[in-house]
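Asks: Residue numbers (UniProt numbering): 1 to 444. In this text, a Cβ means the ideal position worked out from N, Cα and C, and glycines have one as well. Computed from a predicted model, the values in this text were never measured in an experiment.
1) Rounded to whole angstroms, how far is the Cβ of residue 346 from the Cβ of residue 49, which I believe are closer than 8 Å?
2) Should the region 56-69 be regarded as contacting the region 111-128, the criterion being three or more beta carbon pairs within less than 8 Å?
3) How is residue 238 classed by DSSP in three states: helix, strand or coil?
4) Whole angstroms is fine: what's the gap from residue 44's alpha carbon to residue 34's?
5) Pick from 410, 138, 74: whose alpha carbon is nearest that of residue 433?
6) Pick from 179, 331, 351: whose alpha carbon is nearest that of residue 17?
7) Report the three-state DSSP secondary structure of residue 3 (helix, strand or coil).
8) Hey, quick one: how far does the alpha helix (DSSP H) through residue 261 stretch, first residue to last?
9) Counting along the chain, where does the beta strand (DSSP E) carrying residue 274 start and finish?
10) Near residue 280, which residues of its chain fall below 8 Å by C-beta distance, leaving aside the five closest residues on each side in sequence?
11) Taking DSSP as the reference, what is the three-state secondary structure of residue 355?
12) If you follow the alpha helix (DSSP H) that residue 429 is part of, which residue opens it and which one closes it?
13) For residue 303 versus residue 155, is the C-beta spacing smaller than 7 Å?
14) With 16 other CB atoms within 10 Å as the buried threshold, where does residue 391 fall?
15) Got a sec, what are the start and stop residues for the beta strand (DSSP E) residue 311 sits in?
16) Beta-carbon separation of residue 385 and residue 427 under 7 Å?
17) So, residue 258 versus residue 120, is the Cβ gap smaller than 7 Å?
18) Which partner residues does residue 306 have in the DSSP bridge list?
19) Would the beta-carbon of residue 103 fall within 7 Å of that of residue 85?
20) Is residue 402 helix, strand or coil by DSSP?
21) Tell me the rounded alpha-carbon separation between residue 338 and residue 195.
22) Taking Cβ to Cβ, would you say residue 131 is nearer than 7 Å to residue 336?
23) So is residue 8 buried or exposed if we call it buried at 16+ other beta carbons inside 10 Å?
24) What is the DSSP secondary structure of residue 100, reduced to helix, strand or coil?
25) Confirm, please, whether the CB-CB distance from residue 186 to residue 199 is below 7 Å.
26) To the nearest angstrom, how far is the alpha carbon of residue 189 from that of residue 402?
27) With three or more beta-carbon pairs closer than 8 Å as the criterion, would you say the region 86-100 touches the region 50-67?
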């Protein structure tokens, strides 16, 4: 049996291992947990979700929903496990983190073509391999990657939101509702009046942040897509009201009016005993988080099951180093996947693993690579991370802006997005059905 190595059992690594194994390739999957944990990881299972338990919107006419549909078409393990372990989250796909991780782990460990090796990898494998070690790659392996690439990786900082217990929330001060009535009333909404918001805002911007002891402060750059709430707040008093605390689409049943601002809590597990503060990634000191976030209406006596944390993420200079298939330009049998490549987000990372794994399998089986159409969401992400014309490369998540525009002028954004999404689905379906002539284009 032909064999390949996959380093890292996160979302991308599990998808890559699954894609290879499903095509008859023997996989040696290397994972350092539970022997060693990164600063952000706590759970021993594979595909651990760190920042949030949400895989974002489900509707096809959204960037996240479109990417998930494309992943299903590409036989995603992540999507199958997420749907089986989902929890109510309005129009989003959210999961019970531990059940999701356990299910992915079970599928990977029980596959006859996958052998799991526990322990830290300190060098890049010599044979066919996918490196999917994530944005916290460090130590000897990080140094080996730097030496291979001939340049330093780039770095930015990522943050996770706090989690509170449901039974500690004051039910008299909050209400259940999904924004714009999408889905069931799955979110707990903590409504502010103007005075409450101003007091909370003042406390937040003056709260003390935790020191970045273990990180290289020389590279400190906050990523826009996962910015600490206290950093965002310092951009202006109304920034949060147009961001994670926006009140649009919500009506407080106690007043019959839209609140001045709202903090939403999303179900963290299937039992509904834990809720996370949506959009409240933070690097405040733990006592400061308790003090400031207890000013949120309904959370005055909240029990914090986990405080927010912040950690450094790293990624490659992918436009110079990777092809649209996630193959390393300097070595034919080496692929990278996950946030290390500059894709940002859970589903984006998993999707990159699918493509890296399938393309390595195709290469080992003597087949031409998958170069997805540019009008698909995953194809557009692949094109972005491998575009040598990108001057200041930053991580990119799925968004409608990276897709080719709809040729006709349509004012209704929802209608336009749905047409773009359906075009992507049709394009991917046709490509997968008539793959042979398209594969001949190559991946350079």
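Replies: To lay it out plainly:
1) Sequence index remark: in the chain shown, residue 346 carries index 346 (1-based). Sequence index remark: in the chain shown, residue 49 carries index 49 (1-based). With a Cβ gap of about 7 Å, residue 346 and residue 49 count as contacting.
2) no
3) Here residue 238 refers to the residue found at position 238 of the chain shown. Residue 238 falls in the coil class under three-state DSSP.
4) Walking along the chain shown from the start, residue 44 turns up at place 44. Walking along the chain shown from the start, residue 34 turns up at place 34. Each residue's Cα considered, the two are about 5 Å apart.
5) On the chain shown, residue 433 is found 433 positions in, with the first residue counted as 1. For residue 433, the nearest C-alpha among the options comes from 74.
6) Here the question's residue 17 lines up with position 17 in the chain shown. It is 351 whose Cα lies nearest to the Cα of residue 17.
7) Here residue 3 is taken as the residue at index 3 of the chain shown, counted from 1. The answer is strand: DSSP assigns residue 3 an E or B state.
8) As a first step, residue 261 must be located in the chain shown, where it is residue number 261. Not the alpha helix (DSSP H): residue 261 falls in the beta strand (DSSP E), residues 261-267.
9) Residue numbering aside, residue 274 sits at position 274 when the chain shown is read from its first letter. Start and end: 274-277.
10) In the chain shown, counting from the first residue as 1, residue 280 sits at position 280. These residues qualify, in order along the chain: 161, 162, 229, 244, 263, 293, 308.
11) The count along the chain shown starts at 1 and reaches residue 355 at position 355. Three-state DSSP puts residue 355 in a helix.
12) The count along the chain shown starts at 1 and reaches residue 429 at position 429. Taken as a continuous stretch (DSSP letters only), the alpha helix (DSSP H) holding residue 429 covers 413-433.
13) Counting from 1 along the chain shown, the entry for residue 303 is found at position 303. Counting from 1 along the chain shown, the entry for residue 155 is found at position 155. No, the Cβ-Cβ distance between residue 303 and residue 155 is not below 7 Å.
14) Position 391 of the chain shown, counted from the first residue, corresponds to residue 391. That one is exposed.
15) For the purposes of this step, residue 311 is taken as the residue at position 311 of the chain shown. Looking at the DSSP string, the run of the beta strand (DSSP E) that includes residue 311 is 310-315.
16) Position 385 of the chain shown, counted from the start, is the residue given in the question as residue 385. Position 427 of the chain shown, counted from the start, is the residue given in the question as residue 427. Contact flag unset, no.
17) One-based indexing of the chain shown puts residue 258 at position 258. One-based indexing of the chain shown puts residue 120 at position 120. Their beta carbons are not under 7 Å apart, which means residue 258 does not touch residue 120 by this criterion.
18) What you label residue 306 is simply residue 306 of the chain shown in a count that begins at 1. Answer by DSSP bridge pairing, in chain order: 163.
19) Within the chain shown, numbered from 1, the residue matching residue 103 stands at position 103. Within the chain shown, numbered from 1, the residue matching residue 85 stands at position 85. Closer than 7 Å, so yes.
20) The count along the chain shown starts at 1 and reaches residue 402 at position 402. Of the three classes helix, strand and coil, the one that applies to residue 402 here is helix, per DSSP.
21) What you label residue 338 is simply residue 338 of the chain shown in a count that begins at 1. What you label residue 195 is simply residue 195 of the chain shown in a count that begins at 1. Rounded to the nearest angstrom, the two C-alpha atoms are 43 Å apart.
22) For the purposes of this step, residue 131 is identified with residue 131 of the chain shown, where counting begins at 1. For the purposes of this step, residue 336 is identified with residue 336 of the chain shown, where counting begins at 1. If you check the CB distance, residue 131 and residue 336 come in under 7 Å.
23) Within the chain shown, residue 8 is the residue found at index 8, counting from 1. Counting the other Cβ atoms within 10 Å of the Cβ of residue 8 gives 16 or more, which makes it buried.
24) Here residue 100 refers to the residue found at position 100 of the chain shown. The answer is helix: DSSP assigns residue 100 an H, G or I state.
25) For the purposes of this step, residue 199 is identified with residue 199 of the chain shown, where counting begins at 1. For the purposes of this step, residue 186 is identified with residue 186 of the chain shown, where counting begins at 1. Against a cut-off of 7 Å, the Cβ pair of residue 186 and residue 199 comes out as no contact.
26) By one-based count along the chain shown, residue 189 stands at place 189. By one-based count along the chain shown, residue 402 stands at place 402. Cα to Cα, residue 189 sits roughly 32 Å from residue 402.
27) yes
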